[in-house]
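Here the sequence shown is numbered in the working numbering, starting from 546 and rising by one per residue. Ideal placement from N, C-alpha and C gives every residue a C-beta, glycine not left out. Here's the structure, in structure tokens; my notes come after.
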Amino acid sequence: MVEAVSRPKGTYLWIAFFFPSLSRRQNRIAAVISLAVLFGTNLNIGPLDAVGSANRFIAAIAVPPSESLVLFLELAFILLIARCLIGALSKKQSLDLPCLFLSVFFAFAMVFGKACESFGDPWAVFDGFLGTAVTVISAVSFACLGYMGFAFLFSLADKTASNVGSREAIDTGRTRNRILFLFESHPVLAPSCVLGVAWLPLLIAFFPGLFAPGDTLNQISQLFGLPEATSASIVLIDQNVTLNAHHPVVHTLLMGGSVLLGQNVFGSCSIGYFLYIVGQYLATIATIGYGINFLKQCHVPRRIRIGLLLFVALFPWFPEYALLGTKDTLFACSLLLLSISLFRIGSKTYEMTKKNWAILVISLLGFCLLKKGYVVFALIIMVLAFLKTSSMSRRAVICTFMGPIAISILLSNVLFPALSITSGSSREMISIPAQQVARCVNTFGDEITLAQRDAIDKVFDYETMQDKYNPLLSDPVKNTFNKFATPDDIKTFFSVWRQLLAEHTGTCLAATMMNYYGYFYPTEANPYNYNLETSRESIENVSSIAPFYDFQHTDSIFTAIASKSFALYQALWDNAPLLSLFTQGSTYIWALLLLVGYHARKKHRSGVLLALLPTLLVLCITLIGPCNFIVRYTFPIAFVVPFFAALLWRRDDRSTTVNTRR
């Protein structure tokens, strides 16, 4: 039995949305705005080689003839958006503040991102009066384009949300299609099985699992007491205990313990590592299945859930990290579970069951124990969740949060020191000052005083700053950190850094923008994919400890075919039009910012804002890390964002009818 469903003329509503009826004056305004935005966003900013103002102007507006048709199509698309926006503004004459803030930041990211990518200096776009004018025009045009595009997307999301609930029934019963019936009746198990089968050939071909360069074997070696890079970079409490908190100790114990188990029980380190990878593999597909079920409980249409499942199954990042020995995979699972739990807490529609509270505890343990220092974020989230939830649930929120937080604090501050497990190096917290000082040394080396040089050299190797400074990566400088530097040495270094920051503010800001622009701008930098070849290189590069392990990938024909096919598949996603957007970390960060901006406009969606808070905090930590853009740092964000983007199709219970077909 199916209850009656009112079906408005959705097709005509969509036509009216995309092609609104405008007056002649409004059409002229839309055309002028579109032409101006197209012109400004295609200006050639930066230092121009031509001499003379006339030639410089021509160089700024020059466009190859081969791109003229593409620009014409771009104009048509911008005009479509401009007409939709003007049609919407004619009904509601007010600026959208989230769109305005995001559009200004978008302009900043596009202009300075291009400057960093093309010229290696964000200030290169301010080349004389004409160069500065071109840059300002381009920035204003990008801001207009951003506002138009974001407002269009927000309006489109509003239209989608209003139409989904009114046009379709919620299918909670039996369907004629057996596959869909299984998908609906087993909302966790069915998606998990699909992913398990889809990625199974890679699990077999990549036995015992993928090794991340440096990190994986460094963590395992810590537990075995073997020499490795991280323990050599810090002053150990006990020279016989190489286990330290540079990497999460719990994850090191989990992965290294699996290897130790395999060595002692099965006589093979590879089997032990494979056991860990299988556990991580199952945890990943189970978490994704739980996320798909969460969307079903939120009444997201089946086609959206199936589309998301296909994306996860086909996008190479997900199987790649499910098979990679790194803390980021399990942390991403914890982050998604935590976000879903916070959505339930912040929403008045969905109640927290005992099972949901248990999942929240597990996710909080992963959130606090799989990343260093995240217990502080857990406390912030607890306070906001306490304020957001009803008075009846506040005691449950406090009790649930305090358990994992207390465990994390006791482990880090009591148990680990008692076991002579050394905390990580303080160098991880000063990547930004180190890069800024290094750029000043490279740019104004002659102006650095002897006292400043001595102060720098006591903390970081001054010669390395001159010879190996990499504007996109702080590791070459950061890795020269003097582990014997005293607190007074570090205090003096920060004093020198403040002096250089005051004297060369532009250079210091340039160093930071060069180090992080790839998180907001579609960069051509190598994201560094993990596959069988990189894994083999990782094993070969640790020849000093190779005799202690028997890690080895198989050399079968099946493995060779799977390895080459997967590497080619990764290259396809990295380079193919449209697909390459999904391999950009900036895509998911902008999607996150847009989701926050969209739901900030809607008070009844505040549960989503609370749910996205942990992911925003992860983004903040990412922006003080060592790399410009590496997939591993943005993977947790990319793991969470698609699920909450799918919530845009969530049906409002008040405007839907339930399909009770039996």
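Check: What separation, rounded to the nearest whole angstrom, lies between the Cα atoms of residue 1100 and residue 817?; Outcome: 19 angstroms
Check: Helix, strand or coil for residue 987? Go by DSSP, reduced to three states.; Outcome: helix
Check: Hey, out of 922, 995, 833, 1038, whose CA is closest to residue 977's CA?; Outcome: 1038
Check: Counting beta carbon pairs with one atom in the stretch 957-974 and one in the stretch 788-795, are three or more of them shorter than 8 angstroms?; Outcome: yes
Check: Can you give me the Cβ contacts of residue 1080 inside the same chain, cut-off strictly under 6 angstroms, excluding the 5 residues immediately before and after it?; Outcome: 755, 756
Check: What are the complete beta strand (DSSP E) segments, minimum 3 residues, inside the stretch 1129-1161?; Outcome: none
Check: Have a look at residue 957 and residue 1169 and give me their C-alpha separation to the nearest angstrom.; Outcome: 22 angstroms
Check: Taking only the alpha-carbon atoms, compute the straight-line gap between residue 850 and residue 780 and give it to the nearest angstrom.; Outcome: 50 angstroms
Check: Roughly how many angstroms lie between the CA atoms of residue 908 and residue 990, to the nearest whole one?; Outcome: 48 angstroms
Check: Which residue spans inside the stretch 1003-1037 form an unbroken alpha helix (DSSP H) run of at least 4?; Outcome: 1007-1012, 1020-1023
Check: Can you check the stretch 933-997 for any alpha helix (DSSP H) of at least 4 residues that lies completely inside it and give the ranges in chain order?; Outcome: 939-955, 976-988
Check: Quick one: which unbroken alpha helix (DSSP H) runs of 4-plus residues sit fully inside the stretch 730-770? Chain order, please.; Outcome: 734-750, 760-769
Check: What first and last residue would you give for the alpha helix (DSSP H) that runs through residue 842?; Outcome: 814-842
Check: Would you kindly work out how many angstroms separate the C-alpha atoms of residue 1163 and residue 1110, rounded to a whole number?; Outcome: 33 angstroms
Check: Let's test the definition: count the other Cβ atoms within 10 Å of the Cβ of residue 954 and tell me whether it reaches 16, buried, or not, exposed.; Outcome: exposed
Check: Could you check the C-alpha separation between residue 492 and residue 591 for me, to the nearest Å?; Outcome: Residue 492 falls outside the range modelled here, since the chain spans only 546 to 1207, and no answer is possible.
Check: Look up residue 1213 in the DSSP assignment and say whether it is helix, strand or coil.; Outcome: What is shown of the chain runs 546 to 1207, which leaves residue 1213 out entirely.
Check: State the Cα-Cα distance for the pair residue 662 and residue 1174, rounded to the nearest angstrom.; Outcome: 12 angstroms
Check: May I ask which residues mark the beginning and end of the alpha helix (DSSP H) holding residue 911?; Outcome: 899-914
Check: Where do the ends of the alpha helix (DSSP H) carrying residue 1053 lie?; Outcome: 1050-1061
Check: Would a C-beta distance cut-off of 7 angstroms place residue 1052 and residue 985 closer than the cut-off?; Outcome: yes
Check: What does the alpha-carbon distance come out to for the pair residue 1140 and residue 1190?; Outcome: 7 angstroms
Check: Out of curiosity, what's the CA-to-CA distance linking residue 1024 and residue 1014?; Outcome: 11 angstroms
Check: Straight-line CA distance for residue 666 to residue 1066?; Outcome: 15 angstroms
Check: Is the beta carbon of residue 657 less than 7 angstroms from the beta carbon of residue 1058?; Outcome: yes
Check: Roughly how many angstroms separate the alpha carbons of residue 1152 and residue 894, rounded to a whole number?; Outcome: 10 angstroms
Check: Applying the 10 Å Cβ sphere with the 16-neighbour rule, what's the burial state of residue 799?; Outcome: buried
Check: Using CA coordinates, which residue listed in 622, 802, 1095 is at the minimum distance from residue 814?; Outcome: 1095
Check: For residue 1187 and residue 1002, I'd like the C-alpha separation in whole angstroms.; Outcome: 46 angstroms
Check: Quick one: residues in its chain with C-beta nearer than 6 angstroms to the C-beta of residue 885, no 5 flanking neighbours on either side, listed in chain order?; Outcome: 839
Check: Per DSSP, residue 1172 is paired with what?; Outcome: 1018
Check: List the endpoints of the continuous alpha helix (DSSP H) containing residue 794.; Outcome: 794-806
Check: Tell me which same chain residues have a C-beta within less than 7 angstroms of the C-beta of residue 1017, skipping the five on either side of it?; Outcome: 1059, 1060, 1070, 1173
Check: Touching or not, the stretch 1024-1036 and the stretch 995-1009, by the rule of three or more beta carbon pairs under 8 angstroms?; Outcome: yes
Check: Have a look at 821, 753, 924, 841 and flag the residue whose alpha-carbon is nearest the alpha-carbon of residue 875.; Outcome: 821
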